[in-house]
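Reviewing the structure listed below.
Number of protein chains: 2
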Amino acid sequence: MTYDLYYWPSIQGRGEFVRLALEEAGADYTDVARASTGKGSGMLAMLELMQGESIKYAPFAPPFLKAGQRLIAQTANVLLFLGDRHVLAPKSDAGRLWTHQLQLTIADLVQEIHDTHHPIASGLYYEEQREEARRRSNDFLASRAPKYLDYFETVLKRNTARGDYLVGARLTYADLSLFQIVEGLRYAFPRAMVGLEMSHPRVVAVRNHVAERASIADYLASSRRIPFNDEGIFRHYPELDAAP
Amino acid sequence: MTYDLYYWPSIQGRGEFVRLALEEAGADYTDVARASTGKGSGMLAMLELMQGESIKYAPFAPPFLKAGQRLIAQTANVLLFLGDRHVLAPKSDAGRLWTHQLQLTIADLVQEIHDTHHPIASGLYYEEQREEARRRSNDFLASRAPKYLDYFETVLKRNTARGDYLVGARLTYADLSLFQIVEGLRYAFPRAMVGLEMSHPRVVAVRNHVAERASIADYLASSRRIPFNDEGIFRHYPELDAAP
């Protein structure tokens, strides 16, 4: 199966959670909006799918994945689909839903991270909501980030299976997403993360295990990995970062 | 199967999306935190489950559902589970994921609605972020609410099956949730909703169909339906509502 991934071409964003799963699975995929040549490539192809009146299962927003005739959107939903196909989640119903539950909690965290720099409106520039962003970031770093990371630390502590993974003894897409959370928070809030990492060693261990996987290490070193930048979800504005 | 639903006892909140599914299914359930008598009832029982160190599949936050030995959290995840069990979603894999995709988009909308009155910090009072809430609500009503409602209107338009439902010809949990969105927006933003309803007749039709179902009509007239109030996700602050 060859997949077509549709996402904004210049940022990691929410698309990165899907990219990491595709890369770990060794799946054959085209990052359509980044492909500049060929029929059905580039941003135009993505916008056509978003606006095409014949698309019955229309996506609300990128990322979305084309798998044969199917078009699947919402990051966590795409991962639910890929998890089944590429053994990136348990086969049992209970294990599948638990992995998905963790992913949905990560999705909530991602939204809160986005809102640290855009607390008022995603359609306005950061500079138009800088003061509000400062207030929201203070709360995020003092209260919300610790709450989420405490939660994942607890989940890891209670998983008594061998290995440093969230679910049982095998890697799931939720581990890949938690890796991305740590990487993104390091980029966005390097000072605050010093303290947060010290108090969440199991979360950091997941990050390290994922980074060392051959497939992921290869991906991270490739040009397929878009560098973090200040257009995405994780943005580094020094004035929003707390002292360590 | 008897279910135990755990959610804050004084608000509809995110728990209401689960309650509507349980009610439509005619499921036997206990709203645990609202039950004041009996062993394992009340808020204490909910907090014990949230903080209990023996809970392997710990929830990050309410709502969560106990089904036999299973504990399932994240609203959309609970609905995915209930949809399979109570025929509140298609049986096909493609239909299940499409319904879930719509639900996850509703979940994003719910979060944006919450943030209209709490754009800075959920741990602060509304009065401590009133100015920011005014800015965020203006953007929500001018830009975000129309974008989401346009999307659901488009989905309904493209569903050529008989009936006024989001997916095929049968009611799904996503329709129940869209009903709750319309009800909640009417409560929170009555002036703005006058115009929004006029331009989204198919969304309003879903709301009407759901309200007329015997199970739902019975529920809405009962004391099990907590009235909207200004502690929940949908809050009516007249200063945040736009002129129609």
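So the sequence lines, in the order shown, correspond to chains C and P. Quick note on our numbering: the first sequence kicks off at -16 and runs consecutively. Quick note on our numbering: the second sequence kicks off at -16 and runs consecutively. Beta carbons: idealized from backbone N, C-alpha and C, even for Gly.
Asked                                                                                                                                                                            : Found
Return the chain-ordered list of same chain residues with a C-beta closer than 7 Å to the C-beta of ASP201 of chain C, the five sequence neighbours on each side being excluded. : none
Output needed for ARG190 of chain P: all residues of its chain with C-beta closer than 6 Å, excluding positions within five of it in sequence on either side, in chain order.    : PHE162 and VAL165
Going along chain C, which residues have a C-beta under 7 Å from TYR220 of chain P?                                                                                              : Chain C residues near TYR220 of chain P: none, gap ~16 Å exceeds 7 Å.
Which residues bound the beta strand (DSSP E) around LEU54 of chain P?                                                                                                           : 53 to 56
Exposed or buried, which one is ASP11 of chain C when buried takes at least 16 other CB atoms within 10 Å?                                                                       : exposed
Please say whether ARG207 of chain P and GLU7 of chain P have beta carbons closer to each other than 9 Å?                                                                        : no
So GLY106 of chain C contacts chain P; which residues on that side make the cut at Cβ distance below 8 Å?                                                                        : ASP122 and SER126
Whole-angstrom Cβ separation of ALA225 of chain P and LEU124 of chain P, contact assumed at under 8 Å?                                                                           : 5 Å
Residues of the segment 76 to 93 of chain P in Cβ contact with chain C at a cutoff of 7 Å, in chain order, please.                                                               : ALA77, LEU80, TRP81, HIS83, GLN84, LEU87 and THR88
Could you give the C-beta distance for ILE216 of chain C and VAL93 of chain C, rounded to a whole number, given that I count them as a contact under 8 Å?                        : 6 Å
Where does GLU114 of chain C land, buried or exposed, given buried means 16+ other C-beta within 10 angstroms?                                                                   : exposed
Measure from the C-beta of THR13 of chain C to each C-beta in chain P and report whether the shortest distance is under 9 Å.                                                     : no
Under the assumption that GLY51 of chain P contacts TYR156 of chain P (Cβ atoms under 8 Å), give the Cβ distance between them as a whole number of angstroms.                    : Their Cβ separation, rounded to whole angstroms, is 20 Å, which puts GLY51 of chain P and TYR156 of chain P out of contact at 8 Å.
What are the boundary residues of the alpha helix (DSSP H) that includes PHE211 of chain C?                                                                                      : No alpha helix (DSSP H) holds PHE211 of chain C; DSSP gives it neither H nor E.
Under 8 Å Cβ to Cβ from GLY106 of chain P, same chain only, skipping five residues before and after it: list those, please.                                                      : none
Taking Cβ-Cβ distances shorter than 8 Å, what residues in chain B pair up with GLU115 of chain C?                                                                                : Absent from the structure is chain B; the protein chains it does hold are C and P.
Look at the alpha carbon of ARG118 of chain C and the alpha carbon of SER37 of chain C, and state the distance between them as a whole number of angstroms.                      : 44 Å
Please confirm whether ILE199 of chain C has its beta-carbon closer than 9 Å to some beta-carbon of chain P.                                                                     : no
Below 8 Å on the Cβ atoms is my guess for ALA28 of chain C versus PHE43 of chain C; work out the distance and round it to an integer in Å.                                       : The pair is not a contact, with the Cβ atoms about 18 Å apart (cut-off 8 Å).
Against chain C, which members of the segment 142 to 168 of chain P pass a CB distance test of less than 9 Å?                                                                    : ASN142 and THR143
Between LEU63 of chain C and chain P, is any beta-carbon pair separated by less than 9 Å?                                                                                        : yes
Would you mind stating whether ALA90 of chain P and HIS100 of chain P have Cβ atoms separated by less than 9 Å?                                                                  : no
Name the chain C residues whose beta carbon is nearer than 7 Å to that of ARG228 of chain P?                                                                                     : Only positions -16 to 227 of chain P appear in this structure, which leaves residue 228 of chain P out of reach.
Please tell me whether, using a cut-off of 8 Å, the distance from the CB of LEU63 of chain P to the nearest non-hydrogen atom of the ligand GTP is below it.                     : The ligand GTP is not among the ligands present in this structure, which contains no ligands whatsoever.
Anything in chain P within Cβ reach of ALA59 of chain C, meaning under 7 Å, just list it in chain order.                                                                         : LEU87
What number of angstroms, rounded off, separates the C-alpha of HIS192 of chain C from the C-alpha of ARG145 of chain C?                                                         : 13 Å
Name the residues in the segment 26 to 55 of chain P whose C-beta lies less than 7 Å from a C-beta of chain C; which are they?                                                   : LYS39, TYR40, ALA41, PHE43, ARG53 and ILE55
Please name the residues in the segment -14 to -2 of chain P whose beta-carbon is closer than 7 Å to at least one beta-carbon of chain C, in chain order.                        : none
Tell me the DSSP secondary structure of LEU149 of chain P in three-state form.                                                                                                   : coil
At the 9 Å Cβ level, is TYR131 of chain P part of the contact set with chain C, yes or no?                                                                                       : yes
If the cut is a Cβ gap below 8 Å, which residues of chain P does THR99 of chain C touch?                                                                                         : Here the premise fails: no neighbours, minimum Cβ distance about 11 Å.
Is there at least one Cβ from chain C nearer than 9 Å to VAL138 of chain P's Cβ?                                                                                                 : yes
By DSSP's criteria, PHE47 of chain P is part of a beta bridge. Which residues make up the other side?                                                                            : P:TYR(-11) and P:ALA56
Per DSSP, ASP14 of chain P is paired with what?                                                                                                                                  : P:LEU(-12)
My assumption, with CB atoms under 8 Å, is that LEU159 of chain C sits in contact with LEU3 of chain C. Please give the rounded CB distance.                                     : 4 Å
PRO46 of chain C and LEU(-12) of chain C: beta carbons closer than 9 Å?                                                                                                          : yes
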